[in-house]
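> Here it is, the structure, as structure tokens.
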Amino acid sequence: MEQWKNRVAVVTGSSSGIGAQVAKDLAKHNITVAALARREELLNEVKKSLPIEYQKNFHCFQCDVTDFVKVQKTFELIEKNFGGIDILINNAGVVRPGNLVTMDRSNISEIINTNVTAITDCTRLAFKSMKERNVNGHVILINSIAGHKVLNFGSEIDVSLNFYTASKFAVTAMTETYRQEFYQLGTKVKISSVSPGLVKTEMTGNQMETNTNYLEPEDVSNAIMYILSTPPNVQVHELTIKPLGEPF
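Following our numbering, the numbering of the sequence shown begins with 4 at its first residue and continues without gaps.
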């Protein structure tokens, strides 16, 4: 991780779960972290949970990634304050209850806007900064095992991932598209997809009551730290991480 010291990382969805853990771990490696989330008060709590010597590396930005005007202004502010973006962790994501055949259209739109469109907006802006400065940048997309397989929980469990699965399949396709484009445009920017199984977060909290096999946010963050620590000639395209004993 020494190659990233004093460089700049943007982490979306940093107020809780995987995003909060990744943002803290990056700050502990003396990386300047721009932590983005809708809930600024929670961002400040995450910052305060860091040892005092690392809090200076953690910078809070209230930003709803589905609001492109706000995203654009936030990325401009990050570039102005810190000189550019070297790492982007696209972590923000949502899942909504219901069956695909009956769920409200507004919920489908929210999933698309957060899990797909926001990734393209943030990646476009971060990549522009990386390409213009000709840096060895890295874009990481937080995917899911649901981005590779439509999970069947069985008729005895009233659970459907509805449009969430389709949104994560899109992330899998986007990862390969970005890989090809970053190469064709002659850059040194890496792209990686991280696909966890069940992780204990706010988003999956209700599933913890019936499932004892799950990952902690720290497990996923450790995987991301590994990806970022690889030498310039190594690109981890896809990393799948599951808890031992996961049934699907």
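Cβ atoms here follow ideal geometry from the backbone N, Cα and C, with glycine treated the same way.
In three-state terms, what does DSSP make of V153?
As a first step, residue 153 is located in the sequence shown; it is residue number 150 there, counting from the start. Coil at V153, not helix or strand.
> When the distance is taken between beta carbons, is F78 closer than 7 Å to L128?
Locating residue 128 in the sequence shown gives position 125, where the first residue counts as 1. Locating residue 78 in the sequence shown gives position 75, where the first residue counts as 1. Less than 7 Å divides the Cβ of L128 from the Cβ of F78.
> Which value, in whole angstroms, describes the spacing of the CA atoms of T123 and R42?
Here the question's residue 123 lines up with position 120 in the sequence shown. Here the question's residue 42 lines up with position 39 in the sequence shown. The alpha-carbon atoms of T123 and R42 are separated by roughly 22 Å.
> Could you please give the first and the last residue of the uninterrupted alpha helix (DSSP H) stretch that includes P220?
Along the sequence shown, one-based indexing puts residue 220 at 217. Per DSSP, P220 belongs to the alpha helix (DSSP H) from P220 to S232.
> Can you give me the start and stop residues for the beta strand (DSSP E) that N93 sits inside?
Residue 93 sits at position 90 when you count from the first residue of the sequence shown. Here the beta strand (DSSP E) through N93 covers I90 to N93.
> Shortest alpha-carbon distance to T133 belongs to which of S195, I34 and A12?
Locating residue 133 in the sequence shown gives position 130, counting from the first residue. Going by the sequence as given, residue 133 is Met instead of Thr. The candidate whose alpha carbon is nearest that of M133 is A12.
> Can you check which of these residues, I88, L144, Q187 and N110, is closest to F130 by C-alpha distance?
By 1-based counting over the sequence shown, the position of residue 130 is 127. Checked all of I88, L144, Q187 and N110; the closest Cα to F130 is I88.
> Return the Cβ separation of G96 and I145 in integer angstroms, given the expectation that the two are a contact with Cβ distance under 8 Å.
Along the sequence shown, one-based indexing puts residue 96 at 93. Along the sequence shown, one-based indexing puts residue 145 at 142. Contact holds; Cβ gap of about 7 Å.
> Would C66 and L91 qualify as a contact pair, given that the criterion is a beta-carbon distance under 7 Å?
Position 63 of the sequence shown, counting from 1, holds the residue named residue 66. Position 88 of the sequence shown, counting from 1, holds the residue named residue 91. No, the pair does not count as a contact, with Cβ atoms beyond the cut-off.
> Counting along the chain, where does the beta strand (DSSP E) carrying T35 start and finish?
On the sequence shown, residue 35 is found 32 positions in, with the first residue counted as 1. From DSSP, the beta strand (DSSP E) with T35 extends over T35 to A40.
> Entirely within the region 49-80 and at least 3 residues each: give me those beta strand (DSSP E) ranges in chain order.
Fully contained in the region 49-80 are the following beta strand (DSSP E) runs of length 3 or more, in chain order: 61-65.
> E82 to K73, Cα distance in whole Å?
Here the question's residue 82 lines up with position 79 in the sequence shown. Here the question's residue 73 lines up with position 70 in the sequence shown. Rounded to whole angstroms, E82 to K73 spans 14 Å at the Cα level.
> Return the CA-CA distance between Q75 and G101, expressed in angstroms with no decimal places.
In the sequence shown, counting from the first residue as 1, residue 75 sits at position 72. In the sequence shown, counting from the first residue as 1, residue 101 sits at position 98. For Q75 and G101, the distance between alpha carbons rounds to 32 Å.
> Taking the DSSP output, what are the residues bridged to P246?
For the purposes of this step, residue 246 is taken as the residue at position 243 of the sequence shown. According to DSSP, P246 bridges with nothing at all.
> So for V202, helix, strand or coil by DSSP?
As a first step, residue 202 is located in the sequence shown; it is residue number 199 there, counting from the start. Strand, per DSSP.
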